[in-house]
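J.: Heads up, the sequence shown is in my numbering, so the first residue is 18 and it goes up one at a time.
Note that beta-carbon positions come from the ideal geometry of N, C-alpha and C, so glycine has one too.
Encoded as structure tokens, here's the structure I'll be asking about.
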Amino acid sequence: GKDVYCEKPCSMSMEESWALADAFRRYNRLYQAGCQRRNGANFELCKELLRSGALGKLQTLYANVGPSVNWPPLPSRDWLPAEELPPKQLLDWERWLGPAPWRPYNSEYVRGGWRNFYDFHGGGILEWGSHTV
């Protein structure tokens, strides 16, 4: 086993998250979910204020990611047209798909377009929620 650093989202469901946690405990390995902004000075200040008791007892937390409510766009369940697979030494399509349902390769998926498809993206809460909550 290896220690793992995984960029968010770490999973697409609570069941996948629990399975990951169980596996890392079972094999005594380390896991870190990466996500920019969480270690910024503003987050560090908030954590210190909370831990010190300066804010009193936390009862409710409101989080906001700003006015860009239309990004990312709502994912689609459609498939893009099939394209010729690149050589396996460049891209192992089966491995790239991971636990997602099989679909034909299209280069748009691997160039960031994955955000537009439910099989690869859980929508705004998985995209931005991990930065803020």
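Report yes or no: do three or more beta-carbon pairs, one from the region 51-70 and one from the region 32-42, lie closer than 8 Å?
T.: no
J.: Could you give the first and the last residue of the continuous beta strand (DSSP E) run that contains Tyr22?
T.: Val21 to Glu24
J.: What runs of the alpha helix (DSSP H), each 4 residues or longer, lie entirely inside the region 30-55?
T.: 31-43
J.: Are the region 91-105 and the region 115-134 in contact at 8 Å, needing three or more beta carbon pairs?
T.: Flag = yes, the region 91-105 and the region 115-134 touch.
J.: Could you compute how far the alpha carbon of Asn45 sits from the alpha carbon of Tyr22?
T.: 15 Å
J.: If we ignore side chains and look at the alpha-carbon of each, how far apart do Asp20 and Arg43 end up?
T.: 13 Å
J.: Given that a residue counts as buried once 16 or more other Cβ atoms are within 10 Å of its Cβ, and exposed if not, what is Trp119?
T.: exposed
J.: For Leu143, which residues of its own chain have a beta-carbon under 6 Å away from its beta-carbon, when the five flanking residues on both sides are left out?
T.: Pro26
J.: Considering only DSSP beta bridges, list what Ser93 is partnered with.
T.: Phe134
J.: Would you mind sorting Trp113 into buried or exposed? The rule is 16 or more other CB atoms within 10 Å of its CB.
T.: Trp113 comes out exposed.
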